[in-house]
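My numbering applies: residue 1492 is where the sequence shown begins, and numbers increase by one.
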Amino acid sequence: MAKARAAKKRRSSRQEHAASLPALDKLLDVPSYEDVAPSPEQVAAFEAVCAAHPEAAGELVLGCVCRLDRGFPAVLTPHGPVRAEHAVQIAKESDLLKPAVGDWVALRCPQDHDRAVIEQVLPRWSDVARWRGTTRGERQTLAANVDIVLIAQAESDRGISLDRIARSATIAADSHSAWAVVLTKADRAASPKALAADIASIHEVLGPDALVVACASLLEGSAAEKPTSQPEDTFQPEALSGSPSAEKPLAPLAEAALREGAAWGLEAVRGLVPPRKVGMVLGQSGAGKSTLLNALLGHEALETGEVRQRDDAGRHTTVTRRMVKLPGAGVIIDCPGLRSLPLVGHERGLAQVLPQVAEAATRCKFRDCTHSHEPGCGVVEACEDGLFSAAALDVYRALADEMRQSADSLDPDVRL
Ligand SMILES: Nc1nc2c(ncn2[C@@H]2O[C@H](COP(=O)(O)OP(=O)(O)OP(=O)(O)O)[C@@H](O)[C@H]2O)c(=O)[nH]1
Ligand SMILES: [Mg+2]
């Protein structure tokens, strides 16, 4: 009896929540089905689902999840975006199998229903995931089927975090996505020389081919001047109050970036995500991710928030993962800022990001070499021979060490 009452209460609170979701036709910048493309394997997997369920013929539709609103994802379909709920078997599963933004899904759209049902998540070719929690954590998919991860790292007078950039690149590479570093808030670098030094340090660690774009979205974007209608999902821009160094001219910063082998500006960021490709922004809260996307969109579609003066920490303004379609380019997923990005089982990603170091590690005398004090260490030798920088070695050591420790403390019940 009590159980039935609790279930009824849960149902009615879900219904209330569903009723409070933003209406899809009021949302700005929602991509269309044609802006995203399933892989041939995903199409084949969808056809297999259809073949296995002849009774649902005519109701099954291939769709792409474009936003998550607590339990009711929005899905792009050839007939327009629809709200969906999870089929019972998905709702019962762990988070691992629940759809993430970017997932291609087999969707059932019964005619007598106002909401579609996600029957199956189709295989992901890329799964950008992080480890949530420490000893007894779980793997959390941040976004799926992502062509390129834009690693947003804010400039400040304190410089940048190479560790954070390298671990983000490791996670992207491990998930089979390309990656590029976007140095946001370039106007906040102490000087053009300091910006150039930061870019040089990224190349020193990640190699000269690492893609780096520096930009100052707040100053470059003309969003503030462009009035937009204000549908339900937009906000009133008190926004552009983020203490930009407006008097700092951008040209010397752009020149410094270009001289150092980076690209400059919003158009260069747009070029990273061509039409029909999907990108995502990955960075700490306050890194300027939503500001960057607003500048690319040309209006204030996404809420932005002030950072704390003391340490530039953001206030977790973005809370929903969602896709937006960029004019003249592809689709980008805005994501909430992530405080920590622990590495657990991302060894392959690290080997791809720092291939020379990983290759040298195969020559170490001991299999469990930590590349610090052991005799016969191939990595230390290769570094001394100038095959890679001491900075690259430091980053490799730190990230490999973290993975060694996290592997030791893994919950045996959790699948990696
Ligand atoms: N000076 C300067 N400030 C910027 C720039 N881009 C963003 N900001 C400011 O940085 C603060 C945080 O920006 P957001 O875009 O909300 O950051 P976010 O990464 O989306 O943060 P979360 O949603 O919390 O993850 C805001 O006050 C912005 O105005 C820039 O190019 N220059
Ligand atoms: Mg944001």
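The beta-carbon is built from N, C-alpha and C at its ideal position, and this holds for glycine as well.
Asked	Found
Cβ-Cβ distance between S1708 and L1783 below 9 Å	yes
DSSP beta-bridge partners of L1633	L1633 pairs with nothing; no bridge assigned.
Contact test: G1571 Cβ vs ligand 2 heavy atom, cutoff 8 Å	no
For V1673 and A1687, the rounded distance between their alpha carbons	14 Å
Whole-angstrom distance between E1546 and L1841, CA atom to CA atom	46 Å
Which of helix, strand or coil DSSP assigns to P1846	helix
Minimum C-alpha distance to R1574 - residue among P1601, V1534, L1588	P1601
C-alpha gap between L1613 and F1537, whole angstroms	7 Å
contact_flag[the segment 1613-1623, the segment 1636-1646] where n(CB pairs < 8 Å) is 3 or more	yes
Within-9 Å CB hit, S1682 to chain D	Among the protein chains of the structure shown there is no chain D, as only one such chain exists.
Proximity of L1834 and F1879 at Cβ, strictly below 9 Å	no
Test item: CB-CB of I1656 and V1696 under 9 Å	yes
Span of the beta strand (DSSP E) around T1675	1669-1675
Selection from R1599, R1615, T1808, A1680 that minimises the alpha carbon distance to P1590	R1615
Where E1716 sits in the DSSP three-state scheme	Its pLDDT being 38, under 50, E1716 is placed unreliably in this model, and the coordinates cannot settle the point.
Classification of T1853 by the beta-carbon crowding that lies within 10 angstroms, buried from 16 upward	exposed
D1982 - containing beta strand (DSSP E), residue span	An answer regarding residue 1982 cannot be provided, because it is not within the stretch 1492 to 1907 covered by the chain.
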